[in-house]
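Peer 1: Each step along the sequence shown adds one to the number in numbering that gives the first Met the number 0, with nothing skipped, and position 211 is 210.
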Amino acid sequence: MDYIDRFTRYDSVTWKDSDIIGRLQGLLKKEKTSVDILELITFIMETSLLKQKNNSELNEMVSSIKSSIYIWINQVDTDVMNETFGCVFEDNDKSYQYVDELVYLVNQFSDQLKVSDAEMLHLFEKYKVRSLLPWIKYKNVVTKYPETIKTIMLSDNGNIEYLINNFTDSKSVNYFPDNITKEEYSSMLDLYIDSDHPNGSLLEVVQYIPEGITGYLNLTSKRRLKLKKRIENLNSELMAHGHITKIGFNVYTDWVEYRQADEIKFFLDKDAISTNQNDNPTILNVLYYLEGLWTPNRILNLSSFPNIESSPLIEILTTKSKRYYNDTGAFKMKLELVLLQLEIIQSTLIEKDSSLENVLEYFFSEYTEAEGMKWLPLDIPTEGTYKNRNKALFPIEENIRKQWCLWVRNKEIDLEMLEFENTPNFSEISSVVEDKYIYASDKLKPILRMLFSDQSPLHYINKKINAPSFVELIDNHNLAIADFHAHQQTGISDLLDLDVVTLDAQNKISMTDRQKLQIYLFEQLWMYEVINKRALEEKINLPNYYQDMYHTMCDENLIFMESALYSKPEQNFLNYMLNNKMFDNSLAIRNGYGHDKIAEDGVYHRDYLVALLVILVHVMKINEELHYMNEDSDNDGFWSKLDPNISWRTIFIK
0 MDYIDRFTRY DSVTWKDSDI IGRLQGLLKK EKTSVDILEL ITFIMETSLL
50 KQKNNSELNE MVSSIKSSIY IWINQVDTDV MNETFGCVFE DNDKSYQYVD
100 ELVYLVNQFS DQLKVSDAEM LHLFEKYKVR SLLPWIKYKN VVTKYPETIK
150 TIMLSDNGNI EYLINNFTDS KSVNYFPDNI TKEEYSSMLD LYIDSDHPNG
200 SLLEVVQYIP EGITGYLNLT SKRRLKLKKR IENLNSELMA HGHITKIGFN
250 VYTDWVEYRQ ADEIKFFLDK DAISTNQNDN PTILNVLYYL EGLWTPNRIL
300 NLSSFPNIES SPLIEILTTK SKRYYNDTGA FKMKLELVLL QLEIIQSTLI
350 EKDSSLENVL EYFFSEYTEA EGMKWLPLDI PTEGTYKNRN KALFPIEENI
400 RKQWCLWVRN KEIDLEMLEF ENTPNFSEIS SVVEDKYIYA SDKLKPILRM
450 LFSDQSPLHY INKKINAPSF VELIDNHNLA IADFHAHQQT GISDLLDLDV
500 VTLDAQNKIS MTDRQKLQIY LFEQLWMYEV INKRALEEKI NLPNYYQDMY
550 HTMCDENLIF MESALYSKPE QNFLNYMLNN KMFDNSLAIR NGYGHDKIAE
600 DGVYHRDYLV ALLVILVHVM KINEELHYMN EDSDNDGFWS KLDPNISWRT
650 IFIK
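Given below as structure tokens:
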């Protein structure tokens, strides 16, 4: 074989047009070998790059290249394919390894190739082709040569990773022949689990049982337990080697102990609870201000907010299923903090012959009736095992959803009508507030990434001039467009055109007061994915131009509004906690009690706290609705207006 300087896909930018044209002319004139054809296929695969050169002579040669390939492909038999495989796989140290080109050829011309499945398998074995990539990226290849692909697939149990990858959030798709049975895939999985170094993230994907995977794998209870134990073992190994760091915290009720503690810590004033145990409005206020329960904009802080709780590196390194809820370490810590506070408050109330259940019952009876809303009895249990209480609490939670939706529609809750009411999904729970939540449109989302992401191309100029985000960069440095690199200036121009930033008298990038307010709104959307519009208007003394700016952003399709009791991040959190309708890795706590869940007492107790938490969140959200509905009347309720300066709220020391 002639080892000449051949064109590869990596040369489309570095070669001069004259070199490419000369090389093509030489190839088109000569009698072509297999490697010549593979080189010509490179030009076909890189047509888009060649067109970017805007060279008409190059573009005209594309049809001649295709004609040469068509003529050659009709002459291909087993001997020619053997020669072609030799060109690709025998000289592994040469620079013209055309593996992708060979697979492209087989895929594009699968119907014309006069090479049988058995002959193809022989070539794979002769040239020791063991990698399934890139072959399984092409459906035609897999359909034409099922026995070949099956043989290679089953030759290495690690190849099960390619199948599992189809159920992750990866954009790539792998194809597999129909002749591999469920039993064969399952056997591969068993051996992969037992192997020395399986990918723990991929095993977790299987453990979640993502939609469609049971069409390939028999996930029996025995196999799922085996998966669970192997994942636990892998995590223990990572922790032992320092690859996983366990972070904990404590909530203290004794001020002296709290001050002396050297750790991540929180303080909860038990005295505020014990001295007000019979003052239900005060206890409700204490509960509202639990540390970590709400964002400053009154969005449920327990929701997952990946833009501020994760990182691009974690996102890259974490293998997730397509329907994965971002349950990061920060997310889990927030939840545990709130549950621990609830447990402390509950034990304190019980010591004083009260309970969280009594406080919740008070809301759904006396409090809401004073607000003009009469609920049908809920009968929240205060006795019995945690398991039995949970069996009652989760249906009560669903009953609350139904009764609220009935009341929003009819301003009354009718018992007979309730019998015919379906339990609404969290996204279907109505609101009395118009345009309650603001969301970023698809048009705005790339702008938010440009402004606030640490992966934005605009936040770094050099070692001395950089910041975690573009907004902070502009705040901290007095910069002109010319200070940015050429590839960054297009993005700056886009922001100027959208009136996100402006140029001052010295041509420096700056922001007007109006733009600063807009940036603040954008930042909230970046961080929390939503803005509680009415809560924002209560919190900030907004200027007169706010409404005009708000309508302009709507008209420009930067934002849109929706009304529901819960915002989308909150809906996602509740679905993650209670059911498996949306997420493969859901806790689905409520579902377990529909199937007589059997667990250890500690699990029942934690589920009990979760059930109380969800009902408590319903209470807080419904109270917010009543507050907005009645704020212009004299019937605003004695708990509706929440005081952010109550002295006994929980204290968070960073």
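Virtual Cβ for every residue (Gly too), placed ideally from N, Cα, C.
Pick helix, strand or coil for residue 416, following the three-state DSSP scheme.
Peer 2: Numbered from 1 along the sequence shown, position 417 holds the residue referred to as residue 416. Correct three-state label for residue 416: helix.
Peer 1: Are residue 39 and residue 68 touching if we call contact CB-CB under 8 Å?
Peer 2: If you number the sequence shown from 1, residue 39 lands on position 40. If you number the sequence shown from 1, residue 68 lands on position 69. Result yes, Cβ atoms of residue 39 and residue 68 sit closer than 8 Å.
Peer 1: Buried or exposed: residue 129, going by 16 or more other Cβ atoms within 10 Å of its Cβ?
Peer 2: Looking up residue 129 in the sequence shown gives position 130. Exposed, because fewer than 16 other Cβ atoms sit within 10 Å of the Cβ of residue 129.
Peer 1: Beta-carbon within less than 8 Å of residue 507's beta-carbon, same chain only, minus the 5 sequence neighbours each way: which residues are those?
Peer 2: As a first step, residue 507 must be located in the sequence shown, where it is residue number 508. So the qualifying residues of the chain are 477, 478, 479.
Peer 1: How far does the alpha helix (DSSP H) with residue 473 in it extend, from its first residue to its last?
Peer 2: What you label residue 473 is simply residue 474 of the sequence shown in a count that begins at 1. First-last of the alpha helix (DSSP H) with residue 473: 469 to 475.
Peer 1: Just mark residue 417 as buried or exposed, buried being the case when its beta carbon has 16 or more other beta carbons within 10 Å.
Peer 2: Within the sequence shown, numbered from 1, the residue matching residue 417 stands at position 418. With fewer than 16 Cβ atoms within 10 Å of its Cβ, residue 417 is classed as exposed.
Peer 1: Does the segment 363 to 376 come close enough to the segment 397 to 412 to have 3 or more Cβ pairs within less than 8 Å?
Peer 2: Taking 8 Å as the limit for Cβ pairs, the verdict is that the segment 397 to 412 does touch the segment 363 to 376.
Peer 1: Would you grab the beta carbon distance between residue 517 and residue 548 for me? Rounded to a whole angstrom, and I think it's under 8 Å.
Peer 2: As a working mapping, residue 517 is identified with position 518 in the sequence shown. As a working mapping, residue 548 is identified with position 549 in the sequence shown. The pair is a contact, with the Cβ atoms about 6 Å apart (cut-off 8 Å).
Peer 1: Using the DSSP secondary-structure output, state which residues sit across from residue 293 in a beta bridge.
Peer 2: Taking the sequence shown and counting its residues from 1, the one referred to as residue 293 is at position 294. DSSP lists 299 as partners of residue 293.
Peer 1: Counting only the same chain and skipping the five closest in sequence on each side, list residues whose C-beta sits under 7 Å from that of residue 209.
Peer 2: Position 210 of the sequence shown, counted from the start, is the residue given in the question as residue 209. So the list reads 166, 320, 321, 322, 583, once near-sequence residues are dropped.
Peer 1: What whole-angstrom Cβ distance do residue 222 and residue 202 have, given they're in contact under 8 Å?
Peer 2: As a position in the sequence shown, residue 222 is number 223, starting the count at 1. As a position in the sequence shown, residue 202 is number 203, starting the count at 1. Rounded, the Cβ-Cβ distance is 11 Å, inconsistent with contact.
Peer 1: Nearest to residue 654 by alpha carbon, out of 140, 364, 20?
Peer 2: Residue numbering for the chain in the displayed model covers 0 to 653; residue 654 lies beyond these limits and cannot be assessed.
Peer 1: Using CA coordinates, which residue listed in 284, 20, 388 is at the minimum distance from residue 654?
Peer 2: Since the first residue shown for the chain is 0 and the last is 653, residue 654 is missing from the structure and cannot be characterised.
Peer 1: Comparing C-alpha positions only, which one of 543, 220, 527, 554 sits nearest to residue 572?
Peer 2: Translated into positions along the sequence shown, residue 572 becomes position 573. Residue 572 has its Cα closest to that of 527, out of 543, 220, 527, 554.
Peer 1: Which word fits residue 540, buried or exposed, when buried means at least 16 other C-beta atoms lie within 10 angstroms of its C-beta?
Peer 2: Position 541 of the sequence shown, counted from the first residue, corresponds to residue 540. Exposed: under 16 other Cβ atoms inside 10 Å.
Peer 1: Would DSSP call residue 79 helix, strand or coil?
Peer 2: On the sequence shown, residue 79 is found 80 positions in, with the first residue counted as 1. The answer is helix: DSSP assigns residue 79 an H, G or I state.
Peer 1: What runs of the alpha helix (DSSP H), each 4 residues or longer, lie entirely inside the segment 555 to 605?
Peer 2: With a minimum length of 4 residues, the continuous alpha helix (DSSP H) runs that stay inside the segment 555 to 605 are 567 to 577, 588 to 592.
Peer 1: Skipping 5 residues on each side, what residues in its chain have a beta carbon closer than 8 Å to that of residue 408?
Peer 2: Position 409 of the sequence shown, counted from the first residue, corresponds to residue 408. These residues qualify, in order along the chain: 429.
Peer 1: Could you check the C-alpha separation between residue 379 and residue 445 for me, to the nearest Å?
Peer 2: What you label residue 379 is simply residue 380 of the sequence shown in a count that begins at 1. What you label residue 445 is simply residue 446 of the sequence shown in a count that begins at 1. In a straight line, the C-alpha of residue 379 is about 47 Å away from that of residue 445.
Peer 1: In chain order, what residues of the same chain have a beta carbon less than 7 Å from the beta carbon of residue 207, not counting five sequence neighbours either side?
Peer 2: Position 208 of the sequence shown holds residue 207. Here the set comprises 320, 583, 584.
Peer 1: With residue 207 as the anchor, note down where its alpha helix (DSSP H) starts and where it stops.
Peer 2: For the purposes of this step, residue 207 is taken as the residue at position 208 of the sequence shown. Run containing residue 207: none; DSSP gives neither H nor E here.
Peer 1: How is the alpha helix (DSSP H) around residue 485 delimited, first residue to last?
Peer 2: Locating residue 485 in the sequence shown gives position 486, where the first residue counts as 1. 485 to 496 is the span of the alpha helix (DSSP H), which, as asked, contains residue 485.
Peer 1: What three-state label does DSSP hand residue 479 in the structure shown?
Peer 2: Here residue 479 is taken as the residue at index 480 of the sequence shown, counted from 1. Note: residue 479 maps to strand in three-state DSSP.
Peer 1: Please return the same chain residues whose Cβ sits closer than 7 Å to the Cβ of residue 105, not counting the five positions on each side in sequence.
Peer 2: For the purposes of this step, residue 105 is taken as the residue at position 106 of the sequence shown. Cβ within range, chain order: 112, 140.
Peer 1: Provide the residue span of the alpha helix (DSSP H) that contains residue 212, from first to last.
Peer 2: Numbered from 1 along the sequence shown, position 213 holds the residue referred to as residue 212. Unbroken run through residue 212: none, as it is neither H nor E.
Peer 1: Pull up the distance between the alpha-carbon of residue 173 and that of residue 149, whole angstroms please.
Peer 2: Walking along the sequence shown from the start, residue 173 turns up at place 174. Walking along the sequence shown from the start, residue 149 turns up at place 150. One C-alpha to the other measures close to 13 Å.
Peer 1: Go ahead and label residue 664 buried or exposed: buried means 16 or more other beta carbons lie within 10 angstroms of its beta carbon, across all protein chains shown.
Peer 2: Outside the displayed span of the chain (0 to 653) sits residue 664, for which this structure offers no information.
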